[in-house]
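If you count the sequence shown from 1, you need to add 23 to reach our numbering.
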Amino acid sequence: MSYDLAVWEGERPADDKAAGRVFSDLYDRYIDGEVEEPPSERVATYVAALLERWCDLTEDEEDTSPWSTGPLIGEASGPLIYFPMRWSMAEEASAYAAAVAESMGLVCFDVQQNRLRP
C-alpha cells in the first residue's frame, strides 16, 4: 500500500473539488492515455529536487527512500507527475514534496485526501 501525490504545472484550482477534476483530467490524458509524453522541463526539475533529498528507489541500498517506485521520473508525463510513497514515510515526504512544489510554482494534490496541499 502506498500514499500518492500528484503534482502538475498550471494555475492553482480555486478549491479541492476543482483540483480533483483537474487531476482526473490530467491523469486520464497523461497517465492513462495512449501516447507517452516525456516529462516537462519543470516537472523534471521538480523530480531532481526531490531526489536531492532522498535517493531514487533504484539506488536505495539502505532502505531510506520514501518512494515506492523507481525511477521516480518514470511516473512523470508531460506537465504531471503522479507518484507513490511508502506509508511509513508519507507524512514527512509528502510535506516536503508539497513544499518543493509550492516553491517551484507547481500545484500539489493529495490523492488520498482529495485536497490541495499545502
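C-beta: ideal position from N, C-alpha, C; glycine also.
Going by beta carbons, Asp48 and Arg138 fall outside the 9 Å limit. Judged by DSSP in its simplified three-state form, Trp90 adopts strand. Here Leu80 is near Trp90, since their CB atoms are less than 9 Å apart. Membership of Ser117 in any beta strand (DSSP E) is not indicated; the residue belongs instead to the alpha helix (DSSP H) covering 113-126. Tyr69 and Ala124 do touch by the CB rule: their CB atoms are close to 7 Å apart, below 8 Å.
Judged by DSSP in its simplified three-state form, Asp39 adopts helix.
The three-state secondary structure of Val66, taken from DSSP, is helix. Residue pairing from DSSP places Leu139 in a beta bridge opposite Phe132. Residues of the same chain with a CB within less than 6 Å of the CB of Ala113, apart from the 5 flanking positions on each side, are Tyr26 in chain order. Distances from the alpha-carbon of Ala118 to those of Asp83, Gly43, Arg76 put Arg76 closest.
In the assembly as shown, Asp133 is a buried residue. Its beta-carbon has 16 or more other beta-carbons within 10 Å.
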